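Participant:
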Amino acid sequence: MKWFKSQIFWKIYMINLAIICTLLVLMFIVSRIILPEISKEQYQQITDKTVLRMKHQISLIAKDLQSLEHYVQSDENFKSNDFNRLFKGLENIVDVSPYIDSGTVVDTNGYVQGFYPNDLKHLKNYNLSKREYFQQPLKTKKVYLSDVVSADTGRYLIVVSVPVLNDHKEVERVVNLSLRIEDNEIFQSIFQSFKIGENGYTFIVDRNGKIISHPSKERIGEDVSGNPIVRKLLKKQSGYQEVTNTKGITMLASFEYIPILEWGVVAQIPVDEIYQPYLAFQKSLWTISLVTFIVLSILTALYARQMIHPIRRLYLAVDQVAKGDYNQRIEKTDSTEIGKLSSRFNEMIHYIRQSKANLQLKEEQLKEQKEFLRKIIDMNPSYIYAIDKEGEFTLVNESFAKLLGTETHDLLGKKIDDFQFNIEFNRVRVWEEIEKVKERLVLEEEFKDQKGETRWVETVRLPIFSPNEGADQILFVSTDITERKQAEELLRKSEKLAVVGELAAGVAHEIRNPLTSIKGFMHLLKEECKTHKHYFEIIESELERINFIVNEFLMLGKPQVMNFQQKDVSVLLKDVITLFDAQAILNNVQIISEFEPDLPLLYCDENQLKQVFINIIKNAIEAMPNGGKIKIQAKMQENSLIIRFIDQGCGIPKDRIAKLGEPFYSTKEKGTGLGLMVSYKIIEAHSGSIKIESEVGQGTTVDIIFEGLTPVALKR
């Protein structure tokens, strides 16, 4: 419950809002009626004061200019006809008066006799007789202040013409002193200092309505006699009026006529600027109203909050209890119904807290028991898992998860059919067997772990029954018996090897005697038949190899010392390939050799390795009754020497590959199985391994791998 949702709060708040709105409406009405007029009157006073100050300033300038008459009359330089003296007299006046910028001296016929400064030298002997500022002082013998005139140079001037009288009070010449309106900084600065507001300005017109001073210099000399205010000034009137300027902006203007110079001054300001204080006040009024509204709202809220505080405390406590927090307690502050309700609430919370504590204790005990059982299951090395009728895992232990290379939580809810760990598992058949027997089943199974290796397990299948629906889950407890199987297999092989050893020793003994006789006769034939000496050497070499093989048979019964030497594998392979040239041609078999250059020397027993190579090549030729190709490769791969035999024979079924190398097991009809067994033993004695891959109808690949060659073995 939020305190601002209280009905009491909203009643007080609405009354307060009505009062505020009424006051604001009254303030806005008053401000719209009175404030504009007040602003207008204030700015009228400002413009009136401005034009009066300008009038006073112009009067001072006029008196200053008129005082030049005495200066001119008393200066002897202006009574001389010498140009230099006239130049000097004008220079003195320009230096003395801040308003005079230049001057000329004209004779009674209007010709210029002297000038200052030098930029007026073009006026020498120039006739000014038609200029009014020359004619007036000549006629009246008094100082004359001209209107705005345009000089030949394009400048706008105000000319003060002073007649120079002789002793007979006759005009001898006229001194024209010029105020350059645009260039005289002092004259302009005086009137530009009269600034009204931000956009207000002042200007001065002469007796003909031409602008003498204006903030925009380009308007100096402009004829504005058509302006309604200027027309009133030309009629020698003063006052206050609303007008529109040349830019279309409505202005409030004060204007004043100056009799001494017959000039007029105007001070005006935009109407929009006059009303700016009013608009600013309106904005401030909005801000003040908003602040007042917020402050009063806060005060109202605080008052309402104080009133509903006990109810709110009770509501918040109940809300927290509903969310599961049973540690709430309300302090009793009064004896009202709310206080009594708070006491009953505290009693209720105490009872709930006790009940909850008992329940939590039982939950903790159940949780500990569950965790204990879970640890027992996870610590069990057996693979424990359970599935429902949909085939989804409902229970798995860590041992089973590790078998599949994942985590227990990743398996729960997944289907057993998605994991091919049990080679012969059929979910439908398993459920049929369980529902038929309705008791536990014990059987041996093959599992595939995450590396693809086969693991033998003994599995106990236990049906889990629900109260009403019969068996709805199956519990599997699979014990890994791979090591036991391997031990049994090792024992079986050992027994078989013992038998083979005894047999091999007997056969070798029986073969060795005739071999001795054959070798003797070969020596006699070799001495008598000199033409085929090479063939006899080969036969003799093969007899030696037969004798060595007989010794290898004896190794099955009793291991013998090997003769290890550093040999070039490429040479050994070439020697063996040469032995099979004739047999290969007879069987339409092509033997292709691919040996990498610079293969390392291998520390080995030459005859035993040859025996291995002969067994493999012989098997390959026999596997291709219709001919084909045998590819023999020798290459280095990292630190391993790989000798690879690839044939195009009939291939070996995958279920038989694992049994190759066992004594008396052979895929050939007349094979004994001893050849590969001896080969395996020889390669193992050389710290190597044999890897066989085959596909029925495609051929067989046999890899002999010597890993981790030592520096001695790598030495050339």
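Heads up: the sequence shown at position 402 corresponds to 402 in UniProt numbering, and the numbers run straight through without jumps. For glycine and all other residues, C-beta sits at the position ideal for the given N, C-alpha and C. Nothing here was measured: the structure is a model prediction, and the numbers come from that model.
Can you tell me the Cα-Cα spacing of I258 and V149, whole angstroms?
Facilitator: Each residue's alpha carbon lies about 19 Å from the other.
Participant: Would you tell me roughly how many angstroms separate the C-alpha atoms of S97 and I29, rounded to the nearest one?
Facilitator: Rounded to the nearest angstrom, the two C-alpha atoms are 57 Å apart.
Participant: Roughly how many angstroms separate the alpha carbons of residue 723 and H168, rounded to a whole number?
Facilitator: No information on residue 723 is available, as it lies outside the stretch 1 to 716 that the chain covers here.
Participant: Excluding five sequence neighbours on each side, which residues of the same chain lie with their C-beta closer than 7 Å to the C-beta of D388?
Facilitator: Once the five neighbours on either side are set aside, the close Cβ partners of D388 are T394, D472 and Q473.
Participant: Can you give me the start and stop residues for the alpha helix (DSSP H) that V230 sits inside?
Facilitator: Here the alpha helix (DSSP H) through V230 covers P228 to L234.
Participant: What three-state label does DSSP hand A685 in the structure shown?
Facilitator: Helix.
Participant: Please classify V224: does DSSP put it in a helix, a strand, or coil?
Facilitator: Looking at V224 - three-state DSSP - the assignment turns out to be coil, as it is neither helix nor strand.
Participant: Shortest alpha-carbon distance to I93 belongs to which of F476, N81, Y111 and Q66?
Facilitator: When only C-alpha atoms are compared, the closest one is Q66.
Participant: Sort R374, G649 and F706 by Cα distance to E693 and report the nearest one.
Facilitator: When only C-alpha atoms are compared, the closest one is G649.
Participant: Thinking Y116 and S102 are a contact (beta carbons under 8 Å), I'd like their distance in whole angstroms, please.
Facilitator: Going by Cβ atoms, the distance from Y116 to S102 rounds to 6 Å, so yes, they are a contact pair.
Participant: Which whole-angstrom value is the C-beta distance of L543 and I518, which I expect to be below 8 Å?
Facilitator: Rounded, the Cβ-Cβ distance is 6 Å, consistent with contact.
Participant: DSSP has K210 in a bridge; who is on the other side?
Facilitator: Paired residues: D223.
Participant: By Cβ distance, which residues of its chain are closer than 6 Å to T701, with the 5 residues on each side in sequence left out?
Facilitator: Answer for T701: I646 and E693, listed in chain order.
Participant: For the alpha helix (DSSP H) that V569 lies in, which residues bound it at each end?
Facilitator: Looking at the DSSP string, the run of the alpha helix (DSSP H) that includes V569 is V569 to L579.
Participant: What is the residue span of the beta strand (DSSP E) that V175 lies within?
Facilitator: V175 -> beta strand (DSSP E) spans V171 to R180.
Participant: Under a Cβ-count criterion, where at least 16 other Cβ atoms within 10 Å of its own Cβ denotes burial, should E256 be classed as buried or exposed?
Facilitator: With 16 or more Cβ atoms within 10 Å of its Cβ, E256 is classed as buried.
Participant: So for V160, helix, strand or coil by DSSP?
Facilitator: If DSSP states are grouped into helix, strand and coil, V160 belongs with the strands.
Participant: Starting from K631, follow the alpha helix (DSSP H) in both directions and report where the run begins and ends.
Facilitator: Segment G628 to Q637 is the beta strand (DSSP E) holding K631; no alpha helix (DSSP H) there.
Participant: For the region 564-583 and the region 596-604, state whether three or more C-beta atom pairs, one from each stretch, are separated by less than 8 Å.
Facilitator: As far as the Cβ criterion goes, the region 564-583 touches the region 596-604, which means the pair count is three or higher.
Participant: Expressed to the nearest angstrom, what Euclidean distance is found between the alpha-carbon atoms of Y201 and L165?
Facilitator: Computed Cα separation, rounded: 43 Å.
Participant: Let me know the secondary structure DSSP gives A623 once reduced to three states.
Facilitator: Three-state result, A623: coil.
Participant: Exposed or buried, L412, counting other C-beta atoms within 10 Å across all chains shown (16 or more means buried)?
Facilitator: Exposed, by the Cβ-count rule.
Participant: So, G699 versus G627, is the Cβ gap smaller than 8 Å?
Facilitator: No, the pair does not count as a contact, with Cβ atoms beyond the cut-off.
Participant: Have a look at the DSSP bridge pairing and note the partners of I646.
Facilitator: Answer is K631 and T701, bridged to I646.
Participant: Taking C-beta to C-beta, are V576 and I630 nearer than 8 Å?
Facilitator: No.
Participant: Can the beta-carbon of R173 be found closer than 8 Å to that of T108?
Facilitator: A contact, by the Cβ cut-off of 8 Å.
Participant: Can you give the Cα-Cα distance for P653 and N619, rounded to whole angstroms?
Facilitator: Looking at the two C-alpha atoms, the distance is approximately 15 Å.
Participant: Pick out whichever of G697, N615, D655 and F706 has its Cα sitting closest to the Cα of S679.
Facilitator: Closest option to S679, Cα to Cα, is N615.
Participant: What three-state label does DSSP hand L601 in the structure shown?
Facilitator: Of the three classes helix, strand and coil, the one that applies to L601 here is coil, per DSSP.
Participant: Identify, in the order they occur along the chain, each residue of the same chain with its Cβ nearer than 7 Å to the Cβ of A128, setting aside the five sequence neighbours on each side.
Facilitator: This sequence places Leu at residue 128; Ala is not what is there. So the list reads V106, G110, V112 and F134, once near-sequence residues are dropped.
Participant: Looking only at DSSP bridge pairs, what is Q566 linked to?
Facilitator: According to DSSP, which records beta bridges pairwise, Q566 is partnered with Y603.
Participant: So, does the CB of I577 fall closer than 8 Å to a CB anywhere in chain C?
Facilitator: Among the chains in the structure shown there is no chain C, since it carries only a single protein chain.
Participant: Using the Cα positions of R644 and Q608, report the straight-line distance between them to the nearest angstrom.
Facilitator: The alpha-carbon atoms of R644 and Q608 are separated by roughly 17 Å.
Participant: Just how far apart, CA to CA, sit E446 and E439?
Facilitator: Roughly 22 Å separates the two Cα atoms.
Participant: What does a CB cutoff of less than 6 Å around Q633 pick up in its chain, not counting 5 residues either side in sequence?
Facilitator: So the list reads E594 and R644, once near-sequence residues are dropped.
Participant: Could you pull the start and end residues of the beta strand (DSSP E) that F393 belongs to?
Facilitator: It spans F393 to V396 - the beta strand (DSSP E) in which F393 sits, taken as one unbroken run.
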